Amino acid sequence: MLKPKSEHKPRDSEISIDATQLRPGVHVRLPLSWMEHEFLFNSFVIADEEQAKRIAAMNLPSLFSDVKLSKVPPLPKQDVAPTELQASEAERSHFAMLKAELMAEKLERAKVMAKMRKRMLKAQNNYAESAHSVVTAFKSLLSTPKESIRQVSDISERSASELLNNPDCAMALISEKPHNDGHSAHALSVMTLALMLAKRAELPEVALRTIGVGALLHDIGKFSFHASMLNNTKRNKFEEEVYRTHCRIGYENALKCGCLSPAMMDVILHHHERINGTGFPDQLVGDDISFAARVVAIADRFDNLTNPVDFRLALSPSEALSMMWHKEKEIFDNTLLQLFVRAMGVYPPGSLVQLSDERIGVVIASATIKAPLSPQVLVYDPGVPRSQAIIIDLLVDTSSKIVRPLRLSERSEHEINYLLPNRRISWFYIQDPV
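In structure tokens:
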């Protein structure tokens with residue numbers, strides 16, 4: 010008989026129940042580790058009578074139920090002999106075969122989850138390495154411009170090559186920053202998003218290099234400003250005019266470097282221009298804005314919406330896409346914005362979502378074009394360590410589906426920390442491990 014771990018006790022809003030109280034619609038939590046039973050989750054609402062019998066057949070000394078999650082209350086407790094609850098020989102045989110099948114599936118699922126986590130760890134390591142290189146390059150940009158630009162170019166070329174050589178690699182939002190994490194994090198985010206969009210536009214590798222370097226350096230003009238200016242979300246008219254000079258300052262500094270192409274420098278100067286002429290610094294209109302600058306403008310806006318200076322104003326990736334498409338379509342290149350939305354998907358990585366079984370999770374890998382509503386979701390379960398969190402591929406697990414995206418402001422701090430644990434890390438690639 011499997012014994013529950015001694016530390017497993019009823020949680021808030023849970024009650025202790027026994028096998029006589031089980032029925033379809035009752036929420037149950039098994040006081041076991043994930044690999045000690047055949048069910049997909051440790052806690053769930055009982056789906057049918059057979060599932061209730063299978064749980065009873067486990068002969069656990071105690072079970073827990075969250076009445077808030079139950080669709081029906083548990084049955085009244087019955088005082089019956091253990092033999093009366095025992096399954097028949099035929100049922101025990103059936104349950105044993107079913108458990109063997111489900112445990113085999115669970116082991117395969119665990120292997121997939123382990124592979125996904127390995128890819129995530131690789132992504133974090135790639136990010137950390139690139140962030141360090143970017144910080145080093147930024148610090149020495151004016152003193153040793155050629156070496157700094159070489160470092161930036163290396164980062165861009167490596168990233169562009171990865172995208173070209175791995176067309177099926179997924180974009181993943183490891184987590185969102187709760188506050189301003191400095192120039193390097195934003196620069197890496199914008200570069201990644203811009204390269205993704207450029208790749209979707211089927212640009213040649215030389216164009217990807219231009220856009221990648223331009224994106225990494227697009228905000229170098231801000232190095233001349235004090236942090237209080239950059240972190241002020243309520244600038245007055247004068248302060249806003251000063252802030253807008255960062256494009257021109259960045260361009261002039263890039264010009265002094267003497268080793269950037271005109272196209273790269275144009276990204277630095279014009280990434281805040283808007284198709285309808287409402288941007289800055291030159292109020293360019295339509296095709297007067299270079300293609301590279303139009304690409305970076307979309308990437309820059311998306312990252313600023315999802316990772317604003319004031320983290321309380323942060324939008325989820327889904328919300329940011331919706332705002333850009335429905336409220337800001339007239340200020341961006343419409344063709345590029347459509348490509349960006351398609352590339353990101355209905356539920357972009359990093360989106361918090363609610364599933365049909367009322368669980369919540371975070372999208373960690375984009376859905377396929379053929380099944381845009383079925384991405385891979387990491388599920389929140391406080392009873393499972395985050396390092397072992399369950400990952401559901403909705404394309405395979407068709408019993409679950411996404412009901413709606415969730416706003417960050419709707420969720421508790423514990424849920425956010427579980428689903429988005431490394432909130433100082435932003436967009437980066439997830440590659441297949443070598």
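Sequential numbering from 10 applies to the sequence shown in my numbering. Here a beta-carbon is modelled for each residue, glycine too, at the ideal position from N, C-alpha and C. Please read these numbers as outputs of a predicted model, since none were measured by experiment.
- Distance check between Val371 and each of Leu415, Lys62, Asp275 and Leu345 places Leu415 closest, using alpha-carbon atoms only.
- Under the three-state reduction of DSSP output, Ala140 falls in the helix class.
- Sixteen is the threshold: since fewer than 16 other Cβ atoms of the shown chains lie within 10 Å of the Cβ of Glu419, the residue is exposed.
- Of the candidates Ala66, Pro33 and Pro82, the residue whose Cα lies closest to the Cα of Glu23 is Pro82.
- Looking at the DSSP output, Glu23 bridges to Asp75.
- Taking 8 Å as the cut-off, the Cβ atoms of Ile369 and Val362 count as close.
- Here the alpha carbon of Ser79 sits roughly 11 Å from the alpha carbon of Leu31.
- Under the three-pair Cβ rule at 8 Å, the stretch 208-225 counts as touching the stretch 269-280.
- DSSP, read as helix, strand or coil, puts Ala374 in strand.
- Following the DSSP letters along the chain, one finds Ser325 in no beta strand (DSSP E), marked with neither H nor E.
- Residue burial annotation: Asp312 is buried, with at least 16 other C-beta atoms found within 10 angstroms of its C-beta.
- Under a 10 Å Cβ-count criterion, Pro213 is classified as exposed, with fewer than 16 other Cβ atoms of the shown protein chains found around its own Cβ.
- By the Cβ-count criterion, Ile378 is exposed, with fewer than 16 other Cβ atoms from all chains shown falling within 10 Å of its own Cβ.
- Judged by DSSP secondary structure, Pro384 falls outside any beta strand (DSSP E); it is assigned neither H nor E.
- Ala203 sits away from Ala140, with the two beta carbons spaced by 8 Å or more.
- Per DSSP, the beta bridge partners of Ile401 are Val386.
- Of the residues Ala99, Glu59 and Ser52, the one whose Cα lies closest to the Cα of Val76 is Ser52.
- Straight across, the Cα-Cα distance linking Leu264 with Ser421 is about 47 Å.
- Counting along the chain, the unbroken beta strand (DSSP E) around Leu364 starts and ends at Leu361 to Leu364.
- Counting the other Cβ atoms within 10 Å of the Cβ of Asn240 gives fewer than 16, which makes it exposed.
- One Cα belongs to Ser409, the other to Arg303, and the distance between them is close to 38 Å.
- Taken through DSSP and simplified to helix, strand or coil, Asn240 comes out as coil.
- Boundaries for Val251: no beta strand (DSSP E) harbours it, while the alpha helix (DSSP H) harbouring it runs Lys246 to Tyr252, taken from the DSSP string.
- Under the Cβ criterion (8 Å, minimum of three pairs), the stretch 384-400 does not count as touching the stretch 290-304.
- In the displayed model, Ser198 falls within a helix according to three-state DSSP.
- Under the 8 Å Cβ criterion, the stretch 108-124 does not count as touching the stretch 142-150, having fewer than three qualifying pairs.
- The continuous beta strand (DSSP E) containing His36 extends over residues His36 to Arg38.
- Ile400 sits away from Leu382, with the two beta carbons spaced by 8 Å or more.
- Boundaries of the alpha helix (DSSP H) harbouring Phe300: Phe300 to Thr315, taken from the DSSP string.
- The continuous alpha helix (DSSP H) containing Ile220 extends over residues Glu214 to Leu226.
- With fewer than 16 other CB atoms across the displayed protein chains lying within 10 angstroms of its CB, Gln87 is exposed.
- Counting the other CB atoms within 10 Å of its CB gives Pro326 a total of 16 or more, which places it among the buried residues.
- CA-to-CA, the gap between Met200 and Met67 works out to about 53 Å.
- Ala207 places its beta carbon 8 Å or farther from that of Leu197.
- With fewer than 16 other Cβ atoms inside 10 Å of its own Cβ, Asp57 counts as exposed.
- Around the beta-carbon of Thr287, fewer than 16 other beta-carbon atoms lie within 10 Å, marking it exposed.
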